[in-house]
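One structure is given here, and the rest of the page talks about it.
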Amino acid sequence: MNTFKKFIESSLLQEIFIHHSQLTTHQLGIKISTENLSTNRVEQATNNHIIAFAADTQAPMFVETILLRKHNNRKATELLFSDVLYRHPAAFFLLGDLVNLGYSNRQWKPIDRYVEALRKKNIPVHAILGNHEVMGRPREGMRKFQHRFPDHELTGYVVRINSVAIVLVNSNFSTLSVNEDVTQTIWYKKTLEALDEDATVDFIITGCHHSPFTNSRIVKPSKEVEEKFIPPFLQSRKSCLFLSGHCHAYEHYKVEGKDFMVIGGGGGLKQPLRQGLGTLADIALDYKPLFHYVIVEVLGDTLQVTSYHIKKDFSGFEEGRKTLIKKSEIFSHLTGSEQNK
Numbered sequence: 006m007n008t009f010k011k012f013i014e015s016s017l018l019q020e021i022f023i024h025h026s027q028l029t030t031h032q033l034g035i036k037i038s039t040e041n042l043s044t045n046r047v048e049q050a051t052n053n054h055i056i057a058f059a060a061d062t063q064a065p066m067f068v069e070t071i072l073l074r075k076h077n078n079r080k081a082t083e084l085l086f087s088d089v090l091y092r093h094p095a096a097f098f099l100l101g102d103l104v105n106l107g108y109s110n111r112q113w114k115p116i117d118r119y120v121e122a123l124r125k126k127n128i129p130v131h132a133i134l135g136n137h138e139v140m141g142r143p144r145e146g147m148r149k150f151q152h153r154f155p156d157h158e159l160t161g162y163v164v165r166i167n168s169v170a171i172v173l174v175n176s177n178f179s180t181l182s183v184n185e186d187v188t189q190t191i192w193y194k195k196t197l198e199a200l201d202e203d204a205t206v207d208f209i210i211t212g213c214h215h216s217p218f219t220n221s222r223i224v225k226p227s228k229e230v231e232e233k234f235i236p237p238f239l240q241s242r243k244s245c246l247f248l249s250g251h252c253h254a255y256e257h258y259k260v261e262g263k264d265f266m267v268i269g270g271g272g273g274l275k276q277p278l279r280q281g282l283g284t285l286a287d288i289a290l291d292y293k294p295l296f297h298y299v300i301v302e303v304l305g306d307t308l309q310v311t312s313y314h315i316k317k318d319f320s321g322f323e324e325g326r327k328t329l330i331k332k333s334e335i336f337s338h339l340t341g342s343e344q345n346k
């Protein structure tokens, strides 16, 4: 993790980044300002203080089943959505790979039913693109996705739920133009800075599809997520939780006092994880559920993150691992890091 400190502490790299950002935005005609941040924000004031997150609800593809074992995956996804409906969160966030092929109407049908059931009960559903939404026919996949989630912004958007700001960013960098990539990178940094200064915000959660950290044997950690999103996240005073998917497993990493969770247990084929020497320090080695999602709840000055996993008999979901994130500890750890610079 020393690479992050070197990146953040190096004034030369900071100057190069700032110069490149200014030059690129001028050349491309991109205007990023605090005023523009509100255009990418969805406000939700509610007495409901629980927020649900899931990732990778796609049905298995045949080619995937050659390497990985099926476990009644479609049923698991149906049960997951039913459990979210039962718990009735203030909002439900899907972190990509909702379906295995974004352009396929057939693959969208069950997800459409589940999402419609939630929305009928006044549970807003927000989402971001995964790699499967843009697989094969990316434009068609993105068009169908956008039709279902009209508040989605390709280069990032914010949803405010009371004192929690959820910042959603696009990690499908290969589908972004240079203009879009630069816009998002600068927007993300400035958005975190603005939210840090907003007295009505206590906690910031970032969500994207590709995981910056994972021990998966099937997918690699995203270096671009690590380079573009992690430094601003670590520098942000109120940023405390980074959620991602892509790896179909539950993992929990701690970096400079902040929590990074991989929650790709929405229904895809479970992926094996590397173990032993040379692996990242997963602090949830004793918790590897088959299918799962998380609920975040604000309890005073604490953010409680609870993983719910499927029961062994597939009769529903039950409470699993809990993590407590205290606001005072976020600030104290960041203050200590700044003093050590």
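Heads up: the sequence shown is residues 6 to 346, going by the numbering used here.
Positions of the beta carbon are idealized from the N, C-alpha and C atoms, including for glycine.
Beta-bridge pairing of residue i - partner residues as DSSP gives them
| i | result |
| --- | --- |
| Leu-329 | Gln-309 |
| Lys-263 | Val-260 |
| Thr-196 | Looking at the DSSP assignment, Thr-196 forms no beta bridge with any residue, so it has no partner. |
| Gly-271 | DSSP lists no partner for Gly-271. |
| Phe-97 | Ala-57, Val-130 |
| Glu-302 | Ile-55, Gln-309 |
| Leu-278 | Ser-221 |
| Val-120 | DSSP, once it has assigned bridges, lists no residue as partnering Val-120. |
| Ala-170 | Arg-165, Ile-209 |
| Glu-202 | Partner(s): none; Glu-202 has no beta bridge. |
| Ser-244 | Ile-209 |
| Val-47 | Val-164 |
| Ser-249 | Val-267 |
| Ile-315 | Phe-322 |
Cβ neighbours of residue i in the same chain (closer than 7 Å, five flanking residues each side left out)
| i | result |
| --- | --- |
| Ser-227 | Ser-176, His-215, Ser-216, Pro-217 |
| Pro-237 | Tyr-193, Lys-194, Leu-197 |
| His-93 | Lys-126, Ile-128 |
| Asp-186 | Phe-178 |
| Asn-220 | Glu-256, Leu-278, Arg-279, Thr-284, Leu-285, Asp-287 |
| Gly-141 | Leu-106, Tyr-108 |
| Lys-233 | Thr-190 |
Residue j beta carbon less than 9 Å from that of residue i
| i | j | result |
| --- | --- | --- |
| Val-303 | Phe-208 | yes |
| Ala-286 | Lys-263 | no |
| Ser-301 | Arg-165 | For the sequence presented, residue 301 should be read as Val rather than Ser. For Val-301 and Arg-165, no; Cβs fall outside 9 Å. |
| Asn-136 | Gly-101 | yes |
| Val-183 | Leu-246 | no |
| Ile-288 | Leu-308 | no |
| Lys-149 | Trp-113 | yes |
| Asp-61 | Phe-322 | no |
| Gln-280 | Val-224 | no |
| Phe-58 | Leu-248 | yes |
| Asp-203 | Ala-170 | yes |
| Thr-82 | Gly-212 | no |
| Gln-63 | Leu-103 | yes |
Anticipated Cβ contact below 8 Å, residue i with residue j, distance rounded
| i | j | result |
| --- | --- | --- |
| Ser-244 | Leu-197 | 6 Å |
| Ile-335 | Tyr-298 | Actually they do not touch by this definition, with Cβ atoms about 24 Å apart. |
| His-257 | Gly-273 | With 8 Å as the limit, His-257 and Gly-273 do not qualify as a contact, their Cβ atoms being about 19 Å apart. |
| Leu-173 | His-131 | 7 Å |
| Val-206 | Ser-168 | 6 Å |
| Tyr-313 | Gly-325 | 6 Å |
Spatial neighbours of residue i in its chain, beta-carbon cut-off 6 Å, leaving aside the 5 residues before and after
| i | result |
| --- | --- |
| Phe-86 | Tyr-119 |
| Glu-229 | Phe-178 |
| Phe-265 | Phe-218, Phe-247, Tyr-258 |
| Gly-146 | Gly-107, Tyr-108, Glu-138, Val-139 |
| Pro-143 | Thr-180 |
| Leu-73 | Leu-274 |
| Lys-316 | Glu-323 |
| Leu-33 | For Leu-33, the predicted structure reports a pLDDT of 37, less than 50, and the residue's modelled location is therefore unreliable. The matter cannot be settled from this model. |
| Thr-328 | Val-310 |
Neighbourhood of residue i by C-beta distance below 8 Å, restricted to the same chain and skipping five residues each side
| i | result |
| --- | --- |
| Phe-319 | Asn-77, Lys-80, Ala-81, Leu-84 |
| Gly-161 | Asn-45, Val-172, Leu-173, Val-174, Asn-175, Gln-189, Trp-192, Tyr-193, Thr-196 |
Does the region 148 to 157 come close enough to the region 187 to 204 to have 3 or more Cβ pairs within less than 8 Å?
no
Does the pairing of the region 289 to 298 with the region 105 to 115 give three or more beta-carbon distances under 8 Å?
No contact exists between the region 289 to 298 and the region 105 to 115.
Check whether the region 113 to 128 and the region 86 to 98 are in contact - that is, three or more C-beta pairs closer than 8 Å.
Counting Cβ pairs under 8 Å, three or more are found: they touch.
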